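Just so you know, the protein sequences line up as chains A and B, in that order.
Residues in the first sequence are numbered from 6 upward in steps of one, following the working numbering.
Residues in the second sequence are numbered from 55 upward in steps of one, following the working numbering.
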Amino acid sequence: MFQNSGLSLEQAPPIKVIFRFFLSGAIFGVVASIMLFFWHNNLSNFSNPTTLAFVHTLTLGVMASFMLGALFQMMPVICGVHIKAPINASMRVNYALFFGTIFLVVYFINGSLILLYLTFLSLGYALFSATYIMLKELKKIEHSNASRGMSIALTALAIAVVIALLMLLLRAGVISNLNYLDLKNIHFNFALFGWIFILVVSVSLQVIEMFYVTPKYKSSYAKYITITTITTLFIYAILTFINCKESSIILTIIYLATIAHALYTLYNIKRKKRPVNDATIWFWVISMSALALFGVTMLLNISATLSATLFAIFALSVVFAMVYKIVPFLVWFHLNAQGYFDAPMMHEVVSLKYARVNMWILFIASIFSIVAVYFNKIYYIATFFWFISFFMLLLTIYRAWHKYLHTLKYGKKMNFSFN
Amino acid sequence: MRELFLDARELEHPTPLEKAIDALKELDNNSYFYMLHRKEPVPLLALASEHNLNFTSKLKDDGNWHILISPNSDIELDNFIKLKDS
Numbered sequence: 006m007f008q009n010s011g012l013s014l015e016q017a018p019p020i021k022v023i024f025r026f027f028l029s030g031a032i033f034g035v036v037a038s039i040m041l042f043f044w045h046n047n048l049s050n051f052s053n054p055t056t057l058a059f060v061h062t063l064t065l066g067v068m069a070s071f072m073l074g075a076l077f078q079m080m081p082v083i084c085g086v087h088i089k090a091p092i093n094a095s096m097r098v099n100y101a102l103f104f105g106t107i108f109l110v111v112y113f114i115n116g117s118l119i120l121l122y123l124t125f126l127s128l129g130y131a132l133f134s135a136t137y138i139m140l141k142e143l144k145k146i147e148h149s150n151a152s153r154g155m156s157i158a159l160t161a162l163a164i165a166v167v168i169a170l171l172m173l174l175l176r177a178g179v180i181s182n183l184n185y186l187d188l189k190n191i192h193f194n195f196a197l198f199g200w201i202f203i204l205v206v207s208v209s210l211q212v213i214e215m216f217y218v219t220p221k222y223k224s225s226y227a228k229y230i231t232i233t234t235i236t237t238l239f240i241y242a243i244l245t246f247i248n249c250k251e252s253s254i255i256l257t258i259i260y261l262a263t264i265a266h267a268l269y270t271l272y273n274i275k276r277k278k279r280p281v282n283d284a285t286i287w288f289w290v291i292s293m294s295a296l297a298l299f300g301v302t303m304l305l306n307i308s309a310t311l312s313a314t315l316f317a318i319f320a321l322s323v324v325f326a327m328v329y330k331i332v333p334f335l336v337w338f339h340l341n342a343q344g345y346f347d348a349p350m351m352h353e354v355v356s357l358k359y360a361r362v363n364m365w366i367l368f369i370a371s372i373f374s375i376v377a378v379y380f381n382k383i384y385y386i387a388t389f390f391w392f393i394s395f396f397m398l399l400l401t402i403y404r405a406w407h408k409y410l411h412t413l414k415y416g417k418k419m420n421f422s423f424n
Numbered sequence: 055m056r057e058l059f060l061d062a063r064e065l066e067h068p069t070p071l072e073k074a075i076d077a078l079k080e081l082d083n084n085s086y087f088y089m090l091h092r093k094e095p096v097p098l099l100a101l102a103s104e105h106n107l108n109f110t111s112k113l114k115d116d117g118n119w120h121i122l123i124s125p126n127s128d129i130e131l132d133n134f135i136k137l138k139d140s
């Protein structure tokens, strides 16, 4: 029997659902690169409409698309969670997230009130229904540290969304008795650290050991890193609401947690039991290195733009690592599960060499982005490499999907013929 | 009964699953597949379930998973679980 109470392939979201999320994410990545090319001079002011449009293209269009898609895929496998009606539920989330992101980005640029209300409805629906669907099922299982962390991350996402919706109502003039700046600070801290950081921590607790045969994280560390982070965020939110002027000092705990997790993960990767010929591990190394540097720059208060750049590199590298793991696996596994034993092997779906080339291009894009914080003209080079990175990722997903459909159409289907 | 054994404890993802599916193709009514793994291989068990195979997975005290799969639904696979890991 299954220890995880019985996963069936029918209960996992079909491959096309995950691919739609990933294709949306990669398209927004290409769009974000183009935005960076044209708007990089205006991005140092975090209240600038173009900055808000760019940041939300990255956080919602790219990261939320990939992260929710990956969660719909991983939760049945990692947590043994059954998501009911996976096709309808996840497709609705995907469409609402896709169009909601477009509405929000265009709203930031032109300020149209109609777009604000459309954003309110579509993103509110997408993100609440995604968190509700997943949290409802996660409540029923016996938690591992990874699944507990995912529940915490989803809760933080829901809080970030509630606050974002309040901010939209303030902008629309529907409500007026809340402090916009306080809400904004709480919103982005919950979104960046509660949602993105805790989710990446939770995923790494599960997959670093599983994928790369590294030693396990200490269980006390795995349990408390996510709890400490969310508790700190709640204390920060309370201090902010009671107008404590020094509330941001408490965030030092989170900056220390980012450094701790980055260094611990890099240490575990260094101690892996076998040499791994896989670009995805290098995406993790880039990600964790950027995370460690992010923590240091925040602690030393070096440059907000540099910190934001490092955080983006941290989150995007994990996205690339997960896509290059999940996409070939999904194609190969779903075809095998349906009896297409002449299905392309995983390295034939996405070649190891192609993934390595993409990893180097992302690495170069990251280095140029860091340098560009101090030498503005370098942004043109950085955006070129980001554009190539996301375009390669888009091609990877599209080609994998095409290979899957091609095998379905022309492949030789067999049953296990045992008798 | 013929046993096809795979110790996947130190193999990185996705090698255990690839090797396991290759092994499943070799099975007949007089054989079973036996895998040792550090994690419960949920996708493999989902696939076995999808194809109506007889399977069991047990977590032993040493932290290793013992997974047995056979096309023969008449055999009690739990009886073949080894007390020691190798």
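A virtual CB, placed ideally from N, CA and C, is assigned to each residue, including glycine.
Since the model is a prediction, treat every value here as computed from it, not as a measurement.
Item	Value
Taking the alpha-carbon of A135(A) as reference, which of W289(A), M68(A) and L159(A) has the nearest alpha-carbon?	L159(A)
Go ahead and pull the three-state DSSP assignment for F288(A).	helix
So is H407(A) buried or exposed if we call it buried at 16+ other beta carbons inside 10 Å?	exposed
Taking 9 Å as the CB-CB limit, is I83(A) close to chain B?	yes
Could you check what DSSP says for L256(A) in three-state terms: helix, strand or coil?	helix
What are the residues in the segment 274 to 289 of chain A lying within 7 Å of chain B by C-beta distance?	K278, R279 and V281
By how many angstroms is the C-alpha of S38(A) removed from the C-alpha of W391(A)?	6 Å
Which whole-angstrom value is the C-beta distance of L367(A) and F325(A), which I expect to be below 8 Å?	6 Å
Look at the Cβ atom of E57(B), then the Cβ atom of F134(B), and state whether they are nearer than 9 Å.	yes
So, with DSSP's three-state summary, where would you put E57(B)?	strand
Please return the same chain residues whose Cβ sits closer than 8 Å to the Cβ of N118(B), not counting the five positions on each side in sequence.	R63, L90, H91, R92 and D139
If A460(A) and I191(A) are in contact, beta carbons under 8 Å, what's the gap, nearest whole angstrom?	Because chain A here runs from 6 to 424, residue 460(A) falls outside it and cannot be looked at.
Report the neighbours of F346(A) on chain B: residues whose CB is nearer than 9 Å to its CB, in chain order.	I75 and K79
Please list the terminal residues of the continuous beta strand (DSSP E) segment that includes H120(B).	W119 to S124
Excluding five sequence neighbours on each side, which residues of the same chain lie with their C-beta closer than 8 Å to the C-beta of T62(A)?	F33, V36, A37, M40, T106 and V110
Using beta carbons (cut-off 9 Å, strictly below), is Y222(A) in contact with chain B?	no
From the beta carbon of M67(B), is the nearest beta carbon of chain A less than 9 Å away?	Reading the sequence as shown, one finds His at residue 67(B) and not Met. By this cut-off, H67(B) is an interface position.
Does DSSP put K277(A) in a helix, in a strand, or in coil?	coil
Can you tell me whether L2(A) is buried or exposed, with buried defined as 16 or more other CB within 10 angstroms of its CB?	The structure shown does not extend to residue 2(A), since chain A is modelled only from 6 through 424, so no value can be given for it.
Compute the Euclidean distance between the alpha carbons of Y409(A) and I114(A), then round it to the nearest angstrom.	39 Å
Hey, out of F338(A), K417(A) and N381(A), whose CA is closest to E72(B)'s CA?	F338(A)
Rounded to the nearest angstrom, how far is the Cβ of N47(A) from that of N53(A), given a contact under 8 Å?	5 Å
Check this for me: beta carbons of F133(A) and A75(A), under 9 Å apart or not?	no
Run through chain B and tell me which residues come within less than 9 Å of V218(A), C-beta to C-beta.	R63, E64, L65, E66, H67 and R92
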